[in-house]
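Asks: Handing you a structure now.
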Amino acid sequence: MEQNGSGIFPADDAIEMMIMFDRSGEITYVNTAARQKLEYEDDLCGKHISEIFPNSFRTSGDGFETDVCFGKELQNLLAYRRNLTCFPVEARVMVSKDDSEHYICMANDILEKEHLSREIEQVKQEAQQALKVKSEFVANVTHELRTPVNGVLGNVRELLSEETDRKMMKSLSLIERCCEDMHKIINNILDFSKLEAGKFTLEPRKFHFKNMMDYVKANHINKITEKGLGFFMTISPQIPEYIIGDELRIVQILNNLLSNAQKFTALGKITVEALKTARVNDRIELFFIVKDSGIGIDQADKDKLFQSFSQVDASISRKYGGTGLGLNICKQLAELMGGRIEVESEKNKGSTFSFSIWVGACEDENNNLSQFDDKRESLFSESSMAAQKDETGDAREDVRSYGTSENREALKKNLSKLILCVEMDNWEKAEMFMETVKQLTEEAPQEVKRLVLRLKMAIQKENYEKVSAAFEELNVLNK
Ligand code: ADP
Numbered sequence: 008m009e010q011n012g013s014g015i016f017p018a019d020d021a022i023e024m025m026i027m028f029d030r031s032g033e034i035t036y037v038n039t040a041a042r043q044k045l046e047y048e049d050d051l052c053g054k055h056i057s058e059i060f061p062n063s064f065r066t067s068g069d070g071f072e073t074d075v076c077f078g079k080e081l082q083n084l085l086a087y088r089r090n091l092t093c094f095p096v097e098a099r100v101m102v103s104k105d106d107s108e109h110y111i112c113m114a115n116d117i118l119e120k121e122h123l124s125r126e127i128e129q130v131k132q133e134a135q136q137a138l139k140v141k142s143e144f145v146a147n148v149t150h151e152l153r154t155p156v157n158g159v160l161g162n163v164r165e166l167l168s169e170e171t172d173r174k175m176m177k178s179l180s181l182i183e184r185c186c187e188d189m190h191k192i193i194n195n196i197l198d199f200s201k202l203e204a205g206k207f208t209l210e211p212r213k214f215h216f217k218n219m220m221d222y223v224k225a226n227h228i229n230k231i232t233e234k235g236l237g238f239f240m241t242i243s244p245q246i247p248e249y250i251i252g253d254e255l256r257i258v259q260i261l262n263n264l265l266s267n268a269q270k271f272t273a274l275g276k277i278t279v280e281a282l283k284t285a286r287v288n289d290r291i292e293l294f295f296i297v298k299d300s301g302i303g304i305d306q307a308d309k310d311k312l313f314q315s316f317s318q319v320d321a322s323i324s325r326k327y328g329g330t331g332l333g334l335n336i337c338k339q340l341a342e343l344m345g346g347r348i349e350v351e352s353e354k355n356k357g358s359t360f361s362f363s364i365w366v367g368a369c370e371d372e373n374n375n376l377s378q379f380d381d382k383r384e385s386l387f388s389e390s391s392m393a394a395q396k397d398e399t400g401d402a403r404e405d406v407r408s409y410g411t412s413e414n415r416e417a418l419k420k421n422l423s424k425l426i427l428c429v430e431m432d433n434w435e436k437a438e439m440f441m442e443t444v445k446q447l448t449e450e451a452p453q454e455v456k457r458l459v460l461r462l463k464m465a466i467q468k469e470n471y472e473k474v475s476a477a478f479e480e481l482n483v484l485n486k
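The sequence shown begins at 8 in this note's numbering and counts up one residue at a time.
In structure tokens form, the structure reads like this:
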């Protein structure tokens, strides 16, 4: 057998036992594993193969007889140690390729293998359990953190609405921003730990696609234009008016990509495009593109982008902040929705993030719904009015005018959805309906606004009793 450069057979260090023997049955080579397991301190070479496998090999004339099949097939044999105790092995006995005068037996101790695989399984289970415990711990701690942060946020907002002293207002606004940032980070960690623990479930429902996109636009347009950047959104007319999907999570991906685009762009423009790219029966593939003309990403850093806790480099995280969880969550969400996320970017030339998702289409219902129904069917419909207000100034404006029948109806619907979320302990979603209720009551008298604030604070504190009380009072006023 050929030796490697160091003069040692490559098989010497193998875990598997290896025994070579010739036509006469004489052992010509054994590796360390075989020597140790068979408990021969000195060399086994020169002994007959039948001493190791007496049940399978017998001496015969100047050779051996055997019922073992030669080839790659695994066979169970009994191997005998020097002290004549034996153990079962799983073995392959082959004719040496380069020299048909020799045979090679490779064998594994079955009991040891079973023991090892039991140990591996146990280690795997322990690791999985540890991961589960860690994820649950993170989820619990984050959930616990949300409540006090929300409490501070609610109280600061209440103080801000009453404060007139400019210096005080500046400090309160700073606290408000810090709380909002903390809130975002906590929500990211909460989502991330749920995704990691496999406890994340999508909640598909029917919604109005354009209303959702308008909501996304309304979320970002101010910050983007304040920076002097252009903002353009195009929605393909091929996308059905109503689709079935997890609106909240689609918005979450778009919000994250747009926040990044805005964060990393100082000059130029940001564009968002939504397209329909495929259809299979009543399922369609939607494709979103978020493009910016910002700092861009190095080719070498692109692979790191979608990993958890990854930021391109430390100087970026110092300058722009963030936890590096956002894109990983986007990736996992897009994959949960049957799609994928990609990036194309060049340093200093901008970045294009795109993602696909599969959703249900309900095209046949389009024409039967009135415009007001459109608004009702989206989680984000009323707030999207803010974005549409300047462009159209049409009847949709009525829904925001406090006291109109549209406004009352929308308020009633949103309040009842909100209380349903609270009853289902889904406080995150309740907060979203709360945002819509707040927008619907922007023009309301102080008495109503105060109640809305109370409701908001009760939601932030996740206090069911206070939510119910404020809800009842608001419902009475809205009659
Ligand atoms: P975070 O939650 O901290 O914003 P993300 O996962 O969203 O983290 O982003 C990770 C990193 O990817 C960012 O810190 C930044 O380095 C890079 N990145 C993301 N989007 C862009 C973009 N549009 N332009 C340039 N760099 C980007």
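Every residue, glycine too, gets a C-beta built ideally from N, C-alpha and C.
Taking a contact to mean a Cβ-Cβ separation below 9 Å, would you say N267 touches G346 in this structure?
Replies: Translated into positions along the sequence shown, residue 267 becomes position 260. Translated into positions along the sequence shown, residue 346 becomes position 339. No, they are not a contact pair.
Asks: Tell me whether K234, by its Cβ, gets closer than 8 Å to a heavy atom of the ligand ADP.
Replies: Here residue 234 is taken as the residue at index 227 of the sequence shown, counted from 1. Result no, Cβ not under 8 Å from the ligand ADP.
Asks: I'd like the span of the beta strand (DSSP E) that includes Y249, first residue to last.
Replies: Position 242 of the sequence shown holds residue 249. Per DSSP, Y249 belongs to the beta strand (DSSP E) from 249-252.
Asks: Assuming A273 and G301 form a contact by the criterion Cβ under 8 Å, report the distance between their Cβ atoms to the nearest whole angstrom.
Replies: Reading the sequence shown from its first residue, position 266 is the one you call residue 273. Reading the sequence shown from its first residue, position 294 is the one you call residue 301. Going by Cβ atoms, the distance from A273 to G301 rounds to 7 Å, so yes, they are a contact pair.
Asks: Flag this pair as yes or no: are the beta carbons of T359 and D299 separated by less than 9 Å?
Replies: Here the question's residue 359 lines up with position 352 in the sequence shown. Here the question's residue 299 lines up with position 292 in the sequence shown. Yes; because the gap between Cβ atoms is below 9 Å, this pair is in contact.
Asks: Looking only at its chain, what residues have a beta carbon closer than 6 Å to the beta carbon of V279, apart from the 5 residues adjacent to it on each side?
Replies: Locating residue 279 in the sequence shown gives position 272, where the first residue counts as 1. Excluding residues within five positions, the ones whose Cβ falls inside 6 Å are M240, V297.
Asks: Should A285 go down as buried or exposed, given a rule of 16 or more other Cβ atoms within 10 Å for buried?
Replies: Residue numbering aside, residue 285 sits at position 278 when the sequence shown is read from its first letter. Label assigned to A285: exposed.
Asks: Mind checking whether Y110 and I59 have CB atoms under 9 Å apart?
Replies: Taking the sequence shown and counting its residues from 1, the one referred to as residue 110 is at position 103. Taking the sequence shown and counting its residues from 1, the one referred to as residue 59 is at position 52. Result no, Cβ atoms of Y110 and I59 do not sit closer than 9 Å.
Asks: For the ligand ADP, I want to know if K270 counts as a neighbour, meaning its beta carbon is within less than 8 Å of at least one of the ligand's heavy atoms.
Replies: Counted from its first residue, the sequence shown places residue 270 at position 263. For the ligand ADP, at least one heavy atom lies less than 8 Å from the Cβ of K270.
Asks: Compute the minimum distance between the beta carbon of I218 and the heavy atoms of the ligand ADP, and state whether it is under 8 Å.
Replies: Here residue 218 refers to the residue found at position 211 of the sequence shown. Looking at the sequence itself, residue 218 is Asn, so the reference to Ile does not match. Taking 8 Å as the cut-off, the C-beta of N218 does not count as close to any heavy atom of the ligand ADP.
Asks: In angstroms with no decimal places, state the Cα-to-Cα distance between K139 and T149.
Replies: On the sequence shown, residue 139 is found 132 positions in, with the first residue counted as 1. On the sequence shown, residue 149 is found 142 positions in, with the first residue counted as 1. One C-alpha to the other measures close to 15 Å.
Asks: Mind reading off the beta-carbon distance from K468 to N195? Whole number of angstroms is fine, and I expect it under 8 Å.
Replies: By 1-based counting over the sequence shown, the position of residue 468 is 461. By 1-based counting over the sequence shown, the position of residue 195 is 188. Not really, about 21 Å apart at Cβ, beyond 8 Å.
Asks: Please state whether DSSP places G161 in a helix, a strand or coil.
Replies: Here residue 161 is taken as the residue at index 154 of the sequence shown, counted from 1. Helix.
Asks: May I ask you to report which of helix, strand or coil DSSP gives R89?
Replies: Here residue 89 corresponds to residue number 82 of the sequence shown, with the count starting at 1. Coil, per DSSP.
Asks: Would you call the region 208-217 and the region 247-262 touching, i.e. three or more CB-CB distances under 8 Å?
Replies: yes
Asks: Run through DSSP, which three-state label would F64 get?
Replies: Residue numbering aside, residue 64 sits at position 57 when the sequence shown is read from its first letter. The answer is strand: DSSP assigns F64 an E or B state.
Asks: Are the CB atoms of L152 and I193 nearer to each other than 9 Å?
Replies: For this step, residue 152 is matched to residue 145 along the sequence shown. For this step, residue 193 is matched to residue 186 along the sequence shown. Yes, the pair counts as a contact, with Cβ atoms nearer than the cut-off.
Asks: Measuring only from the beta carbon, is N335 closer than 8 Å to any heavy atom that is part of the ligand ADP?
Replies: Here residue 335 refers to the residue found at position 328 when the sequence shown is read from its first residue. N335: yes, Cβ under 8 Å from the ligand ADP.
Asks: For the putative contact between V429 and V474, defined by C-beta atoms under 8 Å, what is the C-beta separation to the nearest angstrom?
Replies: As a first step, residue 429 must be located in the sequence shown, where it is residue number 422. As a first step, residue 474 must be located in the sequence shown, where it is residue number 467. The pair is a contact, with the Cβ atoms about 5 Å apart (cut-off 8 Å).
Asks: Answer yes or no: the CB of L202 versus the heavy atoms of the ligand ADP, is any distance below 8 Å?
Replies: As a position in the sequence shown, residue 202 is number 195, starting the count at 1. Incorrect: L202 has no Cβ contact closer than 8 Å to the ligand ADP.
Asks: Run through DSSP, which three-state label would T154 get?
Replies: Start at 1 with the first residue of the sequence shown, and residue 154 comes out as number 147. In this structure, T154 counts as helix in the three-state DSSP scheme.
Asks: Pairing CB atoms from the region 254-265 with CB atoms from the region 340-354, are three or more of them under 8 Å?
Replies: yes
Asks: Given a cut-off of 9 Å on the beta-carbon distance, is the pair A146 and M24 in contact?
Replies: Taking the sequence shown and counting its residues from 1, the one referred to as residue 146 is at position 139. Taking the sequence shown and counting its residues from 1, the one referred to as residue 24 is at position 17. Contact: no.
Asks: For Q314 versus N288, is the C-beta distance shorter than 9 Å?
Replies: In the sequence shown, counting from the first residue as 1, residue 314 sits at position 307. In the sequence shown, counting from the first residue as 1, residue 288 sits at position 281. No. Outside cutoff.
Asks: Under three-state DSSP, which class holds S363?
Replies: The count along the sequence shown starts at 1 and reaches residue 363 at position 356. Note: S363 maps to strand in three-state DSSP.
Asks: With a threshold of 8 Å, establish whether the CB of G205 neighbours any heavy atom of the ligand ADP.
Replies: Counting from 1 along the sequence shown, the entry for residue 205 is found at position 198. Every heavy atom of the ligand ADP is 8 Å or more from the Cβ of G205, so no.
Asks: Using DSSP with H/G/I as helix, E/B as strand and the rest coil, what is E450?
Replies: For the purposes of this step, residue 450 is taken as residue 443 along the sequence shown, with counting starting at 1. Of the three classes helix, strand and coil, the one that applies to E450 here is coil, per DSSP.
Asks: G32: buried (16+ other C-beta within 10 angstroms of its C-beta) or exposed?
Replies: For the purposes of this step, residue 32 is taken as the residue at position 25 of the sequence shown. G32 should be labelled buried.
Asks: On the criterion of 16 or more Cβ atoms from any shown chain inside 10 Å, does K463 qualify as buried, or is it exposed?
Replies: Along the sequence shown, read from residue 1 onward, the residue named residue 463 stands at position 456. Burial call: buried.
Asks: The beta strand (DSSP E) with T232 in it runs from where to where?
Replies: Taking the first residue of the sequence shown as position 1, residue 232 is located at position 225. Careful: T232 lies outside any beta strand (DSSP E), inside the alpha helix (DSSP H) at 216-233.
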